[in-house]
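Residue numbers (this note's numbering): 8 to 304.
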């Protein structure tokens, strides 16, 4: 007597479910890449339009309907840019203010973040929250107060007013960024250095700061870009001879009755190259600095 066992149907059902999931997964990937492509094109369109206008002749810059691809390319705008000596003065001012702001922001925020991360004292959390809460105030609201303070102290019109104001606004983010990185430095390393006779000052400079190198670069780059791109403070707190590129470009190319848009686009393209180069060369350190303090070891 033979007994016939029922066939198992689990494998065909699993294969059918896998076949149904594959089209769903493919459609999800296609939809995700389509969304990324559309958003990327939308974000890059102003940049492309800036580049296209910079190489478009003056008589074709305002043609209607506008053309996405310039029918004729010219380098006259860049030639006129090279002949403008005042723009080089604005560029030098931007370099001085941005570099000093970046260095000062990194130095001050490193000491503040180290004190918040590795020391325990009364009022520490309140001070940390106070530093973070300072970001809630719009910077333009503080412009009148800063103008009055710098005018009373005799600092108005020079580089010092710009550097101090920029450093004040970049410190909160730099401090919290570096604090998160200092929190990941094991206390055992500091204890071992202390046992070897190292002081708190030496531990900070020989143990903690070398391990926080990417975070220092990220904080410095953030402060540099903040000072490089500012307009309202550079326009209000300095003399015309010490103004940086953003207000300098406005004074040079924007007038009451006419605006030289192709020349302005060419100048904007040239002055954005240092920031682009900095991001390209420091991208590895920037990503490491921004993510180092995200997860504590």
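Just so it is clear, CB atoms sit at the ideal spot from N, CA and C, and this is done for glycine as well.
Anticipated Cβ contact below 8 Å, residue i with residue j, distance rounded
{"i": "residue 111", "j": "residue 174", "result": "5 Å"}
{"i": "residue 322", "j": "residue 94", "result": "Past the boundaries of the shown model lies residue 322; the chain is included only from 8 to 304, so the question cannot be answered."}
{"i": "residue 265", "j": "residue 97", "result": "Contact doesn't hold; Cβ gap of about 20 Å is too wide."}
Endpoints, the alpha helix (DSSP H) within which residue i is located
{"i": "residue 93", "result": "92–125"}
{"i": "residue 128", "result": "Careful: residue 128 lies outside any alpha helix (DSSP H) and carries neither H nor E."}
{"i": "residue 212", "result": "Note, residue 212: premise wrong, no alpha helix (DSSP H); not H, not E."}
{"i": "residue 198", "result": "194–202"}
{"i": "residue 233", "result": "220–236"}
{"i": "residue 276", "result": "268–288"}
{"i": "residue 239", "result": "239–243"}
{"i": "residue 252", "result": "252–260"}
Beta-carbon proximity check, residue i vs residue j, cutoff 7 Å
{"i": "residue 104", "j": "residue 166", "result": "yes"}
{"i": "residue 226", "j": "residue 185", "result": "yes"}
{"i": "residue 182", "j": "residue 138", "result": "yes"}
{"i": "residue 172", "j": "residue 238", "result": "no"}
{"i": "residue 120", "j": "residue 189", "result": "yes"}
{"i": "residue 163", "j": "residue 157", "result": "yes"}
{"i": "residue 269", "j": "residue 68", "result": "yes"}
{"i": "residue 235", "j": "residue 116", "result": "no"}
{"i": "residue 289", "j": "residue 242", "result": "no"}
{"i": "residue 41", "j": "residue 64", "result": "no"}
{"i": "residue 77", "j": "residue 89", "result": "no"}
Closest by C-alpha distance to residue i, when choosing among the options
{"i": "residue 230", "options": "177, 122 and 79", "result": "177"}
{"i": "residue 191", "options": "65, 251, 144 and 220", "result": "220"}
{"i": "residue 286", "options": "210, 232 and 272", "result": "232"}
{"i": "residue 142", "options": "159, 107, 125 and 180", "result": "180"}
{"i": "residue 253", "options": "155, 271, 144 and 160", "result": "271"}
{"i": "residue 208", "options": "246, 136, 89 and 122", "result": "122"}
{"i": "residue 126", "options": "245, 78, 211 and 259", "result": "211"}
{"i": "residue 256", "options": "144, 278 and 194", "result": "278"}
{"i": "residue 83", "options": "74, 66 and 71", "result": "66"}
Residue i: CB within 6 Å of a non-hydrogen atom of the ligand GTP
{"i": "residue 174", "result": "Judged by which ligands are present, the structure shown has none, so any question about the ligand GTP falls away."}
message: So within the region 140–167, which uninterrupted alpha helix (DSSP H) runs reach at least 4 residues, ignoring any that extend past its ends?
response: 150–160
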